[in-house]
Amino acid sequence: MSDGLIQEQARRLDQLKAQGADGYDPVRFCYLTSLTQRLQGRPRVNQNVADRLTGAIDEFETRFTESQTRARKPKAEAQDSTPDQTGPTPLAALLHVLRAPDETASADEIPAGGSWQVPVPVGSLAVAPPRRELKALGELRALQARQTIEQLIEDAIARTPADAGPMNPHRLVTRALKQMRALSPEYARHFAGYVDTLLWLEYVGKKA
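Once you know that position 14 of the sequence shown is 14 in the UniProt record's numbering, the rest is easy, because the numbers rise by one and skip nothing.
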């Protein structure tokens, strides 16, 4: 009876080794393996000795299983805490304004005070049908749009972390957008498509 129990414990140790248990507590695992091998070489094994070996392996297996569970838990929490790429980022408002080639955003589409809490996804602004309007009104709309974009850029720069140096990606990108918007609006719209992904990757890197 005890001989069969020893053989069973030897198989358990082989299974634990296949799971990497020999690297969890090498000294303890080596001791249990050596003890099992010595008992396997005996013609008869006392039942109490076999029971003690079984209890020792049970205790080792329990600790190993718990350590594996603890090791997997932080990974699961890290995955849950990863920000959703589909959600708005700090420059979402700026991006959807820059991506509108000929239309200007209305007062309802621009967050008051340059706030970044914008529920509208990037690229989802509705385009109003063309209509005739007074020249002065058109110029006023264009001026307001330019001022809004400038304010959004300044707000983005102001939200850069306090410890950010002159080469901080957030700072560089927002300043580059401001300069490109002034020099070449068409190129600024082309470049804006890369900004959201860049800032999101930077945010994820800090969370990792």
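We put the CB at the ideal spot given by N, CA and C, even for glycine.
- With respect to the 8 Å criterion, Thr36 and Ile6 are classified as neighbours on the basis of their beta carbons.
- Under the DSSP assignment, Pro43 falls outside any alpha helix (DSSP H); it carries neither an H nor an E label.
- The region 63-74 makes no contact with the region 42-52; the number of CB pairs closer than 8 Å stays below 3.
- Going by beta carbons, Leu53 and Gln9 fall inside the 8 Å limit.
- Of Gly55, Gly4, Gln40, Thr69, the smallest CA-CA separation from Tyr24 is found for Thr69.
- For Ala21 and Tyr31, the gap between their C-alpha atoms comes out near 13 Å.
- DSSP places Asp22 inside the alpha helix (DSSP H), whose first and last residues are 21-24.
- Residue environment analysis places Val173 among the buried positions, since at least 16 neighbouring C-beta atoms fall within 10 angstroms of its C-beta.
- A direct Cα-to-Cα measurement between Arg42 and Arg11 gives close to 17 Å.
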